[in-house]
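Worksheet for the structure shown next.
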Amino acid sequence: MTTPAPAAVKLRVELPFTARAPRLINPELGIDRVLVLRGAGRRSTTQLTVLDTPDHRLLRAGVLLAHRVADGRGDWFLAAPDWAPWLPGERVEPMADGDLPTELAALVRPFRRSAALGPVAALEYDRWTYALHGAGEDGETRLGVLHDQLVTVRTAGVITSRYREGTLTGDGIDAAQRDWVSEMLAFAGGTVVEEFPSIAQRIGSPATGHTDFPAPTAWQRDCPAEAAITAILAGRLRMIMTADLALRGGSGAARDLAEQLRALAVELRGLGPLLVHDQAGVAEWRSLADRLDDAAELDAIALINSGRYLGLLDALVREVRAPRVVGGIDTSGALSAGDAFGALLERVVADFVEACDVLGADGPDATWRAALLAGDQLIHSSTITELVRPKRAARLRRRTERLMADLEQCVGEPPAITDRVEELSPAEAFEAGRAHERARIVVRHARHEFLREWGRARERFA
């Protein structure tokens, strides 16, 4: 709902719903007259229907989406001050028909994802407005305005709460006059407050639950490992959301979102040994990033509205809310992030060393692929563990990256000559055989070279 600018607010008071309006006139303080601007005979009412998912995802994230009817006019209302500038502090769209405007629907899509929107609460506002006047040298002047707002909250058609808010605004009110108004409202049962509860708080659970997008928090080496994992993923989720919203709002580029998706893929791959996580999802994030890189604006919007993207985003939200940690490395509160990530680094180093130690020039291609995967895991995990062991992690990553360039040449059995060799002429069969043998020689030579290099480099991974 539209509220007075914070700078203009002089007083906020919670009042009993049935309290009688107090007498506010005090000529000795210069409050000579009180006029009713809205109320008896000119009642101002507003009906607000709040739209959200069944689990109140929007409200929990600080996003209010509603259909509003005021003075017989209907409009759509979106307020998300916590997400500015990516979402509007307040935005009103006229109600042309019964459907939510496309632009508003697009802006709230990453918050609701695949969940359906529907009415979750109805609020009825009854407003009375009083103008406080004083006599001045140039005639009567308006000192300030007292907004008296009575609100009834209904959920599923049942009244769940009623509340009343009094707000005093105006630059003409001095401290003594403000204190007088405050005292009179206190006599009526009012309580002065710094801020009023939010609409989510007025509606109650589940609107007051934890947001799906927690604000990034710093973590230290000595904090629990699970808290550090949550902080890393929550920070990345928040950056993905802001890049997503910027793209939807026209102020960001698809490449900015693609960059965040790739960074997430690196982090998920790096944390892989610690998390019960489908590594196929990592490949999906990378694939989406590649498609966003070259996508036109409309194609990019279609992509981030797709079930594929929203499903992955939903999975990431669940991962942030409760990371599923595997056994083998203790991530309980008894073990710090520094120790857990240090253990992760040593594990992936040991896995890479073990994979390389069993390699042979004539060994099966599967063992060489396993070594390649182990090296890739070490590189990705080092980006995470570098946060707690910067020198060792960076050194190991550089050494592994140098080896990986050679290791990649060792993977890949030469393709079969052909499944229909009987259809080849003698000359064609001879040439195909020679090509196959040359490919085998190239791979075999690369493997011998790598094994010699590994013999020299192995001790540096100790």
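Its first residue numbered 58, the sequence shown is counted upward by one per residue in our numbering. A virtual CB, placed ideally from N, CA and C, is assigned to each residue, including glycine. Source: prediction; values computed, not measured.
In the same chain as Glu510, and ignoring 5 residues on each side of it, the C-beta atoms closer than 8 angstroms to its own belong to Leu460, Asp463, in chain order. Straight-line spacing of the CA atoms in Gly246 and Ala76 works out to 7 angstroms. Excluding its 5 nearest sequence neighbours in each direction, Leu122 has C-beta neighbours in its own chain below 6 angstroms: Leu108, Leu115, Leu135, Val165, listed in chain order. Between the stretch 424-443 and the stretch 324-331, the count of Cβ pairs shorter than 8 angstroms is three or higher; the stretches touch.
Around the beta carbon of Arg517, a 10 Å sphere encloses fewer than 16 other beta carbons of the protein chains shown; the residue is thus reported as exposed.
Judged by DSSP in its simplified three-state form, Val415 adopts coil rather than helix or strand. Beta-bridge pairing by DSSP links Glu150 to Trp133. Membership of Gly364 in the alpha helix (DSSP H) is indicated by the continuous run 364-378. Counted as a single uninterrupted DSSP element, the alpha helix (DSSP H) harbouring His437 occupies residues 422-442. Arg169: member of the alpha helix (DSSP H) spanning 159-169, first to last residue. In this structure, the beta-carbon distance from Leu200 to Leu189 falls below 9 angstroms.
Contact between Val202 and Tyr220 is absent: CB atoms are separated by about 20 angstroms, not below the 8 angstroms threshold.
In the DSSP assignment, Glu197 forms a beta bridge with Ala192. Contact between Leu392 and Ala450 is absent: CB atoms are separated by about 18 angstroms, not below the 8 angstroms threshold.
Contact between Thr268 and Arg117 is confirmed by a C-beta separation of about 5 angstroms, below the 8 angstroms threshold. Taking 9 angstroms as the cut-off, the Cβ atoms of Gly223 and Asp205 count as close. Take the alpha-carbon of His505 and the one of Val323: they are about 31 angstroms apart. Around Thr103, the same chain offers Ala127, Tyr182 as residues with beta carbons nearer than 6 angstroms, after the five sequence neighbours per side are excluded. Secondary structure note for Gln466: it is in no alpha helix (DSSP H), with a DSSP letter that is neither H nor E. Taken through DSSP and simplified to helix, strand or coil, Gln277 comes out as coil.
Under the DSSP assignment, Ala353 falls outside any beta strand (DSSP E); it carries neither an H nor an E label.
Taking the Cα positions, Val415 is about 8 angstroms away from Thr424. The alpha carbon of Asp112 has as its nearest neighbour, out of Leu92, Ala264, Ala300, the alpha carbon of Ala264. Rounded to whole angstroms, Gly417 and Arg501 show a C-alpha spacing of 10 angstroms. Taking a C-beta distance under 9 angstroms as the contact criterion, Ala428 and Ala407 do not qualify as a contact pair. Here the stretch 157-164 does not lie against the stretch 233-242, with fewer than 3 beta-carbon pairs under 8 angstroms apart.
Note: Leu207 is bridge-paired with Asp183, Arg221 in the DSSP secondary-structure output. Beta bridge pairing from DSSP links His124 with Thr106, Trp133.
Scanning Leu453, Ala337, Thr226, Val149 for the CA closest to the CA of Lys67 turns up Thr226.
By alpha-carbon distance to Arg343, the top candidate from Ala315, Lys448, Pro138 is Ala315. Taking C-alpha positions only, Asp89 is separated from Gly306 by approximately 50 angstroms. Judged by DSSP secondary structure, Leu318 falls within the alpha helix (DSSP H) whose first and last residues are 311-327. Secondary structure note for Arg69: its beta strand (DSSP E) is the uninterrupted segment 66-72. In its chain, beyond the 5 residues on either side, Arg69, Val70, Glu71 have a beta carbon closer than 8 angstroms to the beta carbon of Val250. Across the set Thr198, Ser255, Asp279, the C-alpha of Ser255 shows the shortest separation from the C-alpha of Ala137. Closest in alpha carbon position to Arg259, among Thr209, Asp422, Leu81, Pro151, is Thr209.
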